[in-house]
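Position in the sequence shown (from 1) plus 1 gives the number in the working numbering.
Beta carbons: idealized from backbone N, C-alpha and C, even for Gly.
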Amino acid sequence: MLRKILSPDTCAACRLCCGFDCTDTWEFPVLPPETVKAMQEMGVSPKLTPAGTEQTFAAPSLQGEELFLCPMLSDTGCTMGEQKPFDCKIWPFRMMRDLSGRVRIAAAAYCPGMERYTDAQ
Numbered sequence: 002m003l004r005k006i007l008s009p010d011t012c013a014a015c016r017l018c019c020g021f022d023c024t025d026t027w028e029f030p031v032l033p034p035e036t037v038k039a040m041q042e043m044g045v046s047p048k049l050t051p052a053g054t055e056q057t058f059a060a061p062s063l064q065g066e067e068l069f070l071c072p073m074l075s076d077t078g079c080t081m082g083e084q085k086p087f088d089c090k091i092w093p094f095r096m097m098r099d100l101s102g103r104v105r106i107a108a109a110a111y112c113p114g115m116e117r118y119t120d121a122q
């Protein structure tokens, strides 16, 4: 989450990006070893699966509108602090490769905090 774009209060009230349904488990964040270690030190040990040289959450079996909420999510928002995965730190932006392999940055238009911004901004 980029504080100049979204306030922590805005994100804590929404938490849309921290919940995944059966169609978007591919968006689970990539968890580097230091993040996994920090989670374990906080007493959280979710099921993980390899994601290249790192890990991500193992996709649970979800049906319809059922949600998997990030195990690091609390009533007041993320408990990871500075140990947040990169994917979460840059939300509502995402880095991806286009068909030619070039890295692109895209904005998640469905993020409610982005509603006040135009495409040009």
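Check                                                                                                                                       : Outcome
Looking at the structure shown, is Cys79 part of a helix, part of a strand, or coil, going by DSSP?                                         : strand
Mind checking Met97: buried by the 16 CB within 10 Å criterion, or exposed?                                                                 : exposed
Helix, strand or coil for Glu66 per DSSP?                                                                                                   : coil
Check whether the Cβ atoms of Thr24 and Ala60 sit closer than 8 angstroms, and answer yes or no.                                            : no
Closest to Glu42 by C-alpha separation, out of Cys112, Asp10, Met73 and Asp22, would be which residue?                                      : Met73
Apart from the five residues on each side of it in sequence, which residues of its chain come closer than 7 angstroms, Cβ to Cβ, to Val104? : Met96 and Arg98
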